[in-house]
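Comments concern the structure below.
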Amino acid sequence: MRRRITKWILAIFILFFVYIGVETVLLYKIKPTVYSTVKRLAAGAPEIEVYGEKWAYQDTVDIGDMRLTKFTEGEGQYKDQMYFFPGRPGRPANIFVPKQGTEYYRYSLSSFIFFHGL
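Each residue of the sequence shown is one higher than the one before, counting from 0 in numbering that gives the first Met the number 0.
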């Protein structure tokens, strides 16, 4: 019995270690992680590409009456539906794609550093 429990614990640890390794490699290569991809698929959000890189889905937000600016440097199928908050020089930290009404899908670039543009 003890040997079986030890094998299960070891197997779970190995799977967890492999998963963390894959997520780390994807973050290092600035790609959407497995977690963000599964989260995007569960939310029904589209996959977007900006500056030649795929951006990671973060969540669905309600913008309300705040004004977004049209993002003109997007690529792919949703390039005409991308928006961002104005006032930030260089790359925007988040890109928004409309869902319905005032709800938007929010995307950001995957990275170890959470302050994009540093």
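Each residue gets a CB set at the ideal place from its N, CA and C atoms; glycine is no exception.
This structure is a prediction, so every number in the text was calculated from the model and none was measured.
With fewer than 16 other Cβ atoms inside 10 Å of its own Cβ, residue 7 counts as exposed. By the neighbour-count criterion, in which a residue is buried when 16 or more other Cβ atoms sit within 10 angstroms of its Cβ, residue 85 is exposed. Cβ neighbours of residue 98 within its own chain (closer than 7 Å, five residues either side excluded): 59, 104. About 4 Å separates the beta carbon of residue 35 from that of residue 55, a gap short enough to meet the 8 Å contact definition. Of the residues assessed, residue 73 falls on the buried side of the cut-off, its CB having 16 or more other CB atoms within 10 angstroms. Residue 35: member of the alpha helix (DSSP H) spanning 33-42, first to last residue. Residue 82 holds the alpha-carbon nearest to the alpha-carbon of residue 66 among 49, 25, 82, 51. Per the DSSP secondary-structure output, residue 94 pairs in a beta bridge with 106. In chain order, 22, 25, 26, 55, 109 place their CB closer than 7 Å to the CB of residue 32, counting only its own chain and leaving out the 5 sequence neighbours on each side. With 16 or more other CB atoms across the displayed protein chains lying within 10 angstroms of its CB, residue 95 is buried. Remark: C-beta atoms of residue 107 and residue 57 approach each other more closely than 8 Å.
The straight-line gap separating the alpha-carbon atoms of residue 71 and residue 92 is approximately 15 Å.
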